[in-house]
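**Q** Quick note: the sequence shown uses the numbering used here, first residue 240, plus one each step.
There's a structure below that I have some questions on.
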Amino acid sequence: MNNPVTNLSGLDLRAEIERLRREKNAVILAHYYQKPELQDLADFVGDSLELSRKAAATDADVIAFCGVKFMAEVAKILSPEKIVILPDMEAGCSLEDSCPPDKFRAFRAAHPDHIALTYINCSTEVKALSDIIVTSSSAETILAQIPRDQKIIFGPDRHLGGYLSRKFDREMLLWPGVCIVHEAFSETELLKLRAQHPGAPIAAHPECPPAILDHAEYVGSTSGILNYAKAMDSAGLGNTLIVATEPHIIHQMQLAMPEKLFIGAPGADGNCNCNICPYMALNTMEKLYLSLRDLAPRIEIEEGLRLDAKRSLDKMLDMANASVGKGDLGNRG
Ligand code: 13P
Ligand code: SF4
């Protein structure tokens, strides 16, 4: 349920959030796809793997998660003794929606000789049914540690799964889910944009369809794309970058490199807002303030389910740590 509509007029929300953060000993974690004002007041902004690690390590009493529900659930799974709040409980994910636990259980049962390597963008129930969780920044490192003769189910993102499958030359059974945001990029419009900015590289998230990834100089997680942007000077890549992922990440690029031009890749009509994640956009300053004030809405997970889901998440953290620093998907190849 959403927070009730409250008259917040006249409140200095930033100051109030600061006050509540101190009073409640809260840490604010934000994903790169959050609105700039939320990124700016967060204690930490990161990708899914980094946010999981922060949630596991924090000594705060409260984790205020500016992201989507599956991310806040991961924080609760890893830090059960903390109060975990999500400003808007409706902040879901199309990938999670594409993979109902009962259907996933049946799919697994139909392929008993396969392990389930599962993208973190899924429900707690699906994590509990999985063997190893991956994020886009840890998927390659983890896949490289799985023996080549081991059969794999990869879900729920068929584009990330397909990308890994091509890159590793390794067949996997793919669950047919997609991210509605990355699915909306248009190859035709992307090529028109590139023609207007000759020489500008394209950096893309692996949730994009292959028609987009095929044009990208770099494919990687949100933090990978940010690092690629930061290395543009040293790599001699010029002053313009086309960014094929949710455009709020551009805020961090502009903060770090105000002199450069970062252009969000276009959707089908060349000029739509269809690449803004509608779920991430549900979180606002007002809702963050209310959730800190009321310590609600809270993430609660039944203990048996939490422990089952924690197994596959712990596996991810162990395997991703096995080669910290080499984790991202890197240049496509
Ligand atoms: P990363 O930040 O891990 O690259 O994931 C992106 C994403 O889809 C968040 O929903
Ligand atoms: Fe889910 Fe896509 Fe939004 Fe990420 S950007 S939360 S994958 S719908």
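No residue lacks a Cβ here, since even glycine has one placed at the ideal position from N, Cα and C.
Could you check what DSSP says for H398 in three-state terms: helix, strand or coil?
**A** H398 falls in the helix class under three-state DSSP.
**Q** Mapping DSSP to helix, strand and coil, what is G506?
**A** G506 falls in the strand class under three-state DSSP.
**Q** Assuming S462 and S376 form a contact by the criterion Cβ under 8 Å, report the distance between their Cβ atoms to the nearest whole angstrom.
**A** Contact holds; Cβ gap of about 6 Å.
**Q** Flag this pair as touching only if the stretch 256–266 and the stretch 499–507 have three or more C-beta atom pairs under 8 Å; answer yes or no.
**A** Verdict: no, contact absent.
**Q** For the 8 Å Cβ check, are there 3 or more pairs between the stretch 412–424 and the stretch 383–395?
**A** In short, these stretches touch, since the Cβ pair count reaches three.
**Q** So does E446 have its beta carbon nearer than 7 Å to some heavy atom of the ligand SF4?
**A** The answer is yes for E446.
**Q** Is the distance from the Cβ of A439 to the Cβ of L480 below 8 Å?
**A** Yes, these two residues count as a Cβ contact at 8 Å.
**Q** Just the C-alpha distance for F501 and N512, rounded to the nearest angstrom, thanks.
**A** Cα to Cα, the separation comes out at about 16 Å.
**Q** To the nearest angstrom, how far is the alpha carbon of S460 from that of A378?
**A** If you take the alpha carbons of S460 and A378, they lie about 10 Å apart.
**Q** What does the Cβ neighbour count give for N264, buried or exposed, with the cut at 16 atoms within 10 Å?
**A** Exposed is the call here.
**Q** Which residues share a DSSP beta bridge with G416?
**A** Answer by DSSP bridge pairing, in chain order: D396.
**Q** Which residues are close to the ligand 13P, meaning CB closer than 5 Å to any heavy atom, in chain order?
**A** Qualifying residues, in the order they occur: D286, S287, T374, S375, S460 and T461.
**Q** Suppose the cutoff is 6 Å on Cβ atoms and the five residues either side in sequence are ignored; what does the same chain contact list for L476 look like?
**A** The answer, listed in chain order, is P440.
**Q** Closer than 7 Å: is that where the CB of H421 sits relative to any heavy atom of the ligand SF4?
**A** Yes, Cβ of H421 sits closer than 7 Å to a heavy atom of the ligand SF4.
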